[in-house]
Amino acid sequence: MSTNESADREPAASSGNVLAAAVDSSSLSPADRVPPTWTESFPRKVSRLVGGPLGRHAQVGRQWFWTPLRVILLLAVLTLAAAWLFKAPCQVTYDTSSGPQLDWRNSKQYVAMCYTDIIPRYGVGDLAPDNAFPYKTGWVENEGTPNEQVRYMEYPVLTGLFQWINARTADGWATLAGFGWLPSGLTSVLYFNITALWLAAAWLVTIWALVLLARRRVWDVALAAVSPLVFAHAFTNFDALAAALGTAGLLAWARRRPVLAGVLIGIGGATKLYPLFFLGPLLILAWRAGKLPDAARAVLAAALAWLAVNVPILLAYPDGWGEFFRLNSQRPADPDSLYNVLMHFTGWGGFDGQLPAGATPVVLNAVSLGLFLLACLAIGWLALAAPTRPRVAQLCFLVVAAFLLTNKVWSPQYSLWLVPLAVLAIPRWRLLLTWMVVDAAVWAPRMYYYLGTANKGLPEGWFLGAVLIRDAMVVLLCVLIVREVLDPARDKVRTALTVRGEHPGGVDDPCGGLLDGSRDRFVLPGVARWGQRTLAAARGALASKR
Numbered sequence: 013m014s015t016n017e018s019a020d021r022e023p024a025a026s027s028g029n030v031l032a033a034a035v036d037s038s039s040l041s042p043a044d045r046v047p048p049t050w051t052e053s054f055p056r057k058v059s060r061l062v063g064g065p066l067g068r069h070a071q072v073g074r075q076w077f078w079t080p081l082r083v084i085l086l087l088a089v090l091t092l093a094a095a096w097l098f099k100a101p102c103q104v105t106y107d108t109s110s111g112p113q114l115d116w117r118n119s120k121q122y123v124a125m126c127y128t129d130i131i132p133r134y135g136v137g138d139l140a141p142d143n144a145f146p147y148k149t150g151w152v153e154n155e156g157t158p159n160e161q162v163r164y165m166e167y168p169v170l171t172g173l174f175q176w177i178n179a180r181t182a183d184g185w186a187t188l189a190g191f192g193w194l195p196s197g198l199t200s201v202l203y204f205n206i207t208a209l210w211l212a213a214a215w216l217v218t219i220w221a222l223v224l225l226a227r228r229r230v231w232d233v234a235l236a237a238v239s240p241l242v243f244a245h246a247f248t249n250f251d252a253l254a255a256a257l258g259t260a261g262l263l264a265w266a267r268r269r270p271v272l273a274g275v276l277i278g279i280g281g282a283t284k285l286y287p288l289f290f291l292g293p294l295l296i297l298a299w300r301a302g303k304l305p306d307a308a309r310a311v312l313a314a315a316l317a318w319l320a321v322n323v324p325i326l327l328a329y330p331d332g333w334g335e336f337f338r339l340n341s342q343r344p345a346d347p348d349s350l351y352n353v354l355m356h357f358t359g360w361g362g363f364d365g366q367l368p369a370g371a372t373p374v375v376l377n378a379v380s381l382g383l384f385l386l387a388c389l390a391i392g393w394l395a396l397a398a399p400t401r402p403r404v405a406q407l408c409f410l411v412v413a414a415f416l417l418t419n420k421v422w423s424p425q426y427s428l429w430l431v432p433l434a435v436l437a438i439p440r441w442r443l444l445l446t447w448m449v450v451d452a453a454v455w456a457p458r459m460y461y462y463l464g465t466a467n468k469g470l471p472e473g474w475f476l477g478a479v480l481i482r483d484a485m486v487v488l489l490c491v492l493i494v495r496e497v498l499d500p501a502r503d504k505v506r507t508a509l510t511v512r513g514e515h516p517g518g519v520d521d522p523c524g525g526l527l528d529g530s531r532d533r534f535v536l537p538g539v540a541r542w543g544q545r546t547l548a549a550a551r552g553a554l555a556s557k558r
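Just add 12 to wherever you are in the sequence shown, counting from 1, and you've got this note's numbering.
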């Protein structure tokens, strides 16, 4: 099979056309791809259910319809369908004298573990009224109490507008249903299903971009397509939008279009903050490769795209626009953060002690930011001092993981951010599946912790123990990525490429774009001696196994 139909008919790139092969996935022949059953023990064992690993002389690339892209997209569709069914119990309604109501009685959303932020979002004052508009329309929270406060849309601009469009679409559906033209339902449930449709489409865009980015290791993307984290959290919140834009931005960079990459990353940053973190790795790697002007163009395009989305709302509704930043500044350490874990198990009172409602945890904010910046400095040093220039996906994963580990909030759906990056950065099937299962499984103790011990829920310590295991798994992934950066011969992406002799020295990066194949222009002294196991030796070792 091949990533697209044209790849099935085109010959492999010749050694004299290496540059074309680096930017054009259509130039890959079936022989240029890396079947996971040849390199990974887990797929090899699973393949026994369908006849065993791919043979050395097997005919591949002959299917005109079931290409890898379509197979992987089908797997993603099936996983998304299962994810919707997982949330289905929270869409059930019951009849009352005032009409149908959402059946979340007796904390059903926690007992059935189907909770989603999307359904209750419709009932909030910035969406439900017909004349509501995000960032303009506010509502009073805790009215009549000492904690009374005017609130606005708490999400970044594009995510807020996305919710508003879906809310108005749900209203229109409900109106037509009233005339008998469409099936009827509770408007908040209609809102969830309309939103879920677009989130599913966004995740399919993510998978499509990943297939093009993975290139020779295309089947690794099946890990993202069937990820337990997608099953658990595709429809928990709106993060699939940012994942689609961020991954598409990396694809544009890989296709040597830095301005388009910057635009997509900037728009992604207007839906969720994390795609903007990709700009740091692009800058530092471009500095090492002497391609800083190209990365600067991407950064400038990202800044202009982000400003183009945000400035109109900022000027028109400054209080509403600032709600996202105000709320994140005032949030204490969430239950799923390492800071809360430390406070719970040690009895420590926290950096700021006991704060009144609405107060800003200044010290916690400073510590969280400081630790993240220190981690970024360490990652930057690694990028400039490593014996071989790290791959883009490796650094992006490290930066996003550092943010999650040092941040005072790690909402469960944030783990979706890591899925595309992990597949590109460290495509080790058994390891990634183990991490995804562990991370997704944290959802169960989380739900039963929120249920409360009075309702036969779990004590906080059980939930925090699961959080620690999840964090330990992410730290392990980071450690292994750093090890592969220091010793590129361990990197399965690079060794697979080097064995074929296309990029002597192992400097190839399928996501590198303009960096791919470039000579280093600026390197810090330090850790080159740690990479003594050369890629040339790895080429010989792997070739002897074939």
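Cβ atoms here follow ideal geometry from the backbone N, Cα and C, with glycine treated the same way.
Since this is a predicted model, take the numbers as computed values, not measurements.
Assigned secondary structure, residue i (DSSP; H/G/I helix, E/B strand, else coil)
i    : result
Y461 : helix
A32  : With a pLDDT of only 37 at A32, under the threshold of 50, the placement of this residue in the model should not be trusted, and no figure is reported.
Y134 : helix
D483 : helix
S37  : With a pLDDT of only 42 at S37, under 50, the local geometry of the prediction cannot be trusted, and the value read off the model is given with reservation. Helix, per DSSP.
H515 : At H515 the pLDDT is 44, less than 50, meaning the model places this residue with poor confidence; the figure from the coordinates comes in the next sentence. Coil.
Y122 : helix
Y106 : strand
Y329 : coil
T510 : Reliability of the predicted coordinates at T510 is poor, the pLDDT of 47 falling under 50, and the value obtained from them is presented with this limitation in mind. In the structure shown, T510 sits in a helix (DSSP, three-state: H, G or I).
D306 : helix
E166 : coil
Y127 : coil
W360 : coil
G278 : helix
A144 : coil
G370 : coil
Alpha-carbon to alpha-carbon, residue j and residue i
i    : j    : result
R229 : D520 : 14 Å
F409 : S200 : 35 Å
N205 : W265 : 33 Å
N352 : R268 : 43 Å
L470 : L327 : 46 Å
N143 : W429 : 34 Å
I177 : W210 : 11 Å
A88  : T446 : 19 Å
E160 : N154 : 5 Å
R338 : E472 : 28 Å
P112 : K504 : 55 Å
F475 : R458 : 6 Å
A298 : P158 : 53 Å
D346 : V46  : 42 Å
8 Å contact criterion, which residue i and residue j should meet: CB distance rounded
i    : j    : result
G156 : G137 : Wrong, their Cβ atoms sit about 16 Å apart, outside the cutoff.
L241 : D451 : 6 Å
G261 : G292 : G261 to G292, Cβ: 13 Å. No contact.
A534 : R300 : Per the sequence presented here, residue 534 reads as Phe, with Ala not at that position. Contact flag correct, Cβ pair sits at about 6 Å.
V494 : L394 : 7 Å
G392 : I296 : 5 Å
C102 : Y127 : 7 Å
Neighbourhood of residue i by C-beta, 8 Å cutoff - its chain only, sequence neighbours within 5 removed
i    : result
W542 : The predicted model places W542 with a pLDDT of 49, which falls under 50 and marks its position as unreliable; any figure quoted below should be read in that light. Here the set comprises P399, L498 and D499.
L170 : L253, I279, A282, T283 and V321
F289 : C408, V411, V412 and F415
L194 : W185 and L188
A466 : none
Extent of the continuous alpha helix (DSSP H) run through residue i
i    : result
V162 : Per DSSP, V162 belongs to no alpha helix (DSSP H); it is in the beta strand (DSSP E), Q161 to R163.
G111 : Per DSSP, G111 belongs to no alpha helix (DSSP H); it is in the beta strand (DSSP E), G111 to L114.
L203 : Note on residue identity: the sequence assigns Tyr, not Leu, to residue 203. Counting along the chain, the alpha helix (DSSP H) containing Y203 begins and ends at T199 to A226.
E153 : Looking at the DSSP string, E153 is not in any alpha helix (DSSP H); the run it does join, the beta strand (DSSP E), is W151 to E153.
E335 : E335 to Q342
R269 : No alpha helix (DSSP H) contains R269, which DSSP labels as neither H nor E.
C523 : Where C523 is concerned, there is no enclosing alpha helix (DSSP H), given that its DSSP letter is neither H nor E.
T418 : V404 to T418
V431 : L430 to A437
D451 : W441 to A453
Residues of its chain near residue i, where Cβ-Cβ distance is below 6 Å and the 5 sequence neighbours each way are ignored
i    : result
Q628 : Residue 628 is absent from the model: the chain starts at 13 and stops at 558.
R309 : P270 and V271
A182 : T199, L202, Y203 and I206
G464 : none
S239 : V431 and M448
M355 : G362
Enclosing beta strand (DSSP E) for residue i [first to last residue]
i    : result
V379 : Element bounds for V379: not the beta strand (DSSP E) but the alpha helix (DSSP H), V374 to A397.
Close-in-space but distant-in-sequence residues of the same chain around residue i (CB under 7 Å, 5 per side omitted)
i    : result
P432 : T218, L222, A236, A255 and T259
M165 : D138, P146, Y147, G172, G332 and E335
A234 : I84 and L87
Any non-hydrogen atom of the ligand NAP within 6 Å of residue i CB
i    : result
A378 : In the structure on display, the ligand NAP does not appear, and there are no ligands present to speak of.
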